[in-house]
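Undergrad: Numbering (our numbering), first residue to last: 1 to 335.
Here you go, one structure.
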Amino acid sequence: MDQAEHQLLRHTWFPVARIEDVADRPVSANILGTRLVVYRIGDSITVAQADCPHRGVDLAMGAVREDGLECPYHGWIFEAGTGRCTLVPSLPPGSSPVRTTLRTYRVAQAYGHVWSCLEEPYLPIAGLADVGRTSWHLAYGKPVDLNCGMRQLTENFRDMGHFPFVHQGSMGPDVRRVVDPYQVHRDGWELEWELSTDLGGTALEGNQALGTRQTLTYHLSLPMFAWIRTVFPDGGRRLVAQFATPITADGLRVRQFWVVGIDDIVIEQHGVSLEEMWKYERVIFEEDYPIVENQYPKEAPLDVRSQAHAPSDRYSVAYRRAYTELLETFAKESR
Ligand code: FES
Ligand SMILES: [Fe+2]
1 MDQAEHQLLR
11 HTWFPVARIE
21 DVADRPVSAN
31 ILGTRLVVYR
41 IGDSITVAQA
51 DCPHRGVDLA
61 MGAVREDGLE
71 CPYHGWIFEA
81 GTGRCTLVPS
91 LPPGSSPVRT
101 TLRTYRVAQA
111 YGHVWSCLEE
121 PYLPIAGLAD
131 VGRTSWHLAY
141 GKPVDLNCGM
151 RQLTENFRDM
161 GHFPFVHQGS
171 MGPDVRRVVD
181 PYQVHRDGWE
191 LEWELSTDLG
201 GTALEGNQAL
211 GTRQTLTYHL
221 SLPMFAWIRT
231 VFPDGGRRLV
241 AQFATPITAD
251 GLRVRQFWVV
261 GIDDIVIEQH
271 GVSLEEMWKY
281 ERVIFEEDYP
291 IVENQYPKEA
301 PLDVRSQAHA
311 PSDRYSVAYR
321 RAYTELLETF
331 AKESR
């Protein structure tokens, strides 16, 4: 990743942990190779640098105390929120305090995840379909680390042409191969397009209603916030979202965070539970992993002339172009 992209991503909100995983013990996290620790005291969540400013021990091995995080090596305590060192147990009485601060980062909670940003955010955390305005039953997938670039993973999630080849196991042999022509609509740093397909009747262990013709709205908020909302012929709706956090400085390893949602119609009329839908999505993702980890170059090239495209790739060409523009705009504005 070049310096310009690295800078943009330092100013980007990324998920660092599922909220449900941040309980009584600190959790390891990472953005762009910056090792982080996430912990909770009551309702308040802190994201801090993971390396103790004393001798660099990983504070995710530490313990959450009443007012802060305790290092497992020498027991120094760093205050929640500010990171100020409030206790050095080895200090003799009356000696002057050790003044040091553990760096802390911005924190937000959205869509079942804790989000953080290494610098001043350039763009807000994007909206996830109509979550918050209409009722969805949501579940949050276990994060998965993958050897691929953030854009490579984001593009895979948007790609319909691979369904009949990569997803035969989950979707069955009769998925429609042709991808109908579609238009990508752009609004600022958001891309959206709509596509219909037919899963051939075998989706979710033969659940006919979910395996037939369906309309999918694809939405991508740059740089990597992506969701798909599926509407079935009877009006039932399903949602799947994916957010990819780069976890190395070169951006060639990512942590995939994902959200699954269904509405009441899918639950009541099709007898599909949220857990079943979650498992189904996980199988689909597991089918994708060997593909995204074996694409070269490891990150999707921004030069659109360096690869061949079919009309079904219209979205990825639009994504790469908009991404290039975002990099240029960010660089211009931050000069
Ligand atoms: S290394 Fe953390 S207190 Fe010494
Ligand atoms: Fe896929």
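Positions of the beta carbon are idealized from the N, C-alpha and C atoms, including for glycine.
Please state whether the Cβ-Cβ distance between Glu190 and Leu252 is less than 8 angstroms.
TA: Cβ distance not < 8 angstroms, so Glu190 and Leu252 don't count as in contact.
Undergrad: Can you determine whether any heavy atom of ligand 1 sits closer than 7 angstroms to the C-beta of Val37, and answer yes or no?
TA: It does not: the Cβ of Val37 is nowhere closer than 7 angstroms to a heavy atom of ligand 1.
Undergrad: Verify whether the separation of the beta carbon atoms of Val175 and Gly200 is less than 8 angstroms.
TA: Cβ distance < 8 angstroms, so Val175 and Gly200 count as in contact.
Undergrad: Confirm, please, whether the CB-CB distance from Thr104 to Thr46 is below 8 angstroms.
TA: Yes.
Undergrad: Residues in the same chain with beta-carbon distance under 6 angstroms from His219, minus the five sequence neighbours each way, listed in chain order, please.
TA: Here the set comprises Glu192, Trp227.
Undergrad: Throw me the rounded Cβ distance for the Leu302 and Thr329 pair, which I believe falls under 8 angstroms.
TA: About 14 angstroms separates the two Cβ atoms, so there is no contact after all.
Undergrad: Under 7 angstroms from any heavy atom of ligand 2, does the C-beta of Ile228 make it?
TA: Outside the cutoff, so no.
Undergrad: Measure the alpha-carbon distance for Phe78 versus His6 and round it to whole angstroms.
TA: Each residue's alpha carbon lies about 29 angstroms from the other.
Undergrad: DSSP beta-bridge partners for His6?
TA: His6 pairs with nothing; no bridge assigned.
Undergrad: Take the Cβ of Arg237 as the centre, count every other Cβ of all protein chains shown within 10 Å, and call the residue buried at 16 or more, exposed below.
TA: Arg237 comes out buried.
Undergrad: So Arg314 and Val178 are supposed to be a Cβ contact under 8 angstroms. How far apart are they, rounded?
TA: In fact, because the Cβ distance is near 14 angstroms, the residues do not count as touching under 8 angstroms.
Undergrad: Does DSSP classify Ile284 as helix, strand or coil?
TA: The answer is helix: DSSP assigns Ile284 an H, G or I state.
Undergrad: Please report how far the alpha carbon of Pro337 lies from the alpha carbon of Trp76, in whole angstroms.
TA: Only positions 1 to 335 of the chain appear in the structure, and residue 337 is not among them; the question remains open.
Undergrad: If we count the other Cβ atoms within 10 Å of its Cβ and call it buried at 16 or more, is Arg213 buried or exposed?
TA: By the 10 Å Cβ count, Arg213 comes out exposed.
Undergrad: So what does Glu333 bridge to, in DSSP terms?
TA: The partner list for Glu333 (beta bridge, DSSP) is empty, contrary to what the question assumes.
Undergrad: Which residues mark the beginning and the end of the beta strand (DSSP E) in which Ser116 is found?
TA: That run of the beta strand (DSSP E) goes 113–117.
Undergrad: If I follow the unbroken beta strand (DSSP E) through Ser221, where does it start and stop?
TA: Looking at the DSSP string, the run of the beta strand (DSSP E) that includes Ser221 is 213–221.
Undergrad: CB of Val166 to nearest heavy atom of ligand 2: below 7 angstroms?
TA: Checking the Cβ of Val166 against ligand 2 gives yes.
Undergrad: Consider the C-beta atom of Asn156 and the heavy atoms of ligand 2; say whether any pair is separated by less than 7 angstroms.
TA: Checking the Cβ of Asn156 against ligand 2 gives yes.
Undergrad: Three Cβ pairs or more, each shorter than 8 angstroms: is that satisfied between the segment 48–56 and the segment 23–37?
TA: Verdict: yes, contact present.
Undergrad: First and last residue of the alpha helix (DSSP H) that includes Gln183?
TA: Gln183 -> no alpha helix (DSSP H), and no H or E assigned at all.
Undergrad: Would you tell me roughly how many angstroms separate the C-alpha atoms of Val22 and Val114, rounded to the nearest one?
TA: Approximately 9 angstroms between the Cα atoms of the pair.
Undergrad: Cα-Cα, which of Gly161, Leu102, Leu195, Phe225 is closest to Ala129?
TA: Here the closest residue by C-alpha is Phe225.
Undergrad: For the beta strand (DSSP E) that Glu192 lies in, which residues bound it at each end?
TA: Residues 190–198.
Undergrad: Consult DSSP for Glu155 and reduce its assignment to one of helix, strand or coil.
TA: In this structure, Glu155 counts as helix in the three-state DSSP scheme.
Undergrad: CB-CB under 7 angstroms to Asp385, same chain, minus the five flanking residues each way: which ones, in chain order?
TA: The first residue shown for the chain is 1 and the last is 335, placing residue 385 beyond what the model contains.
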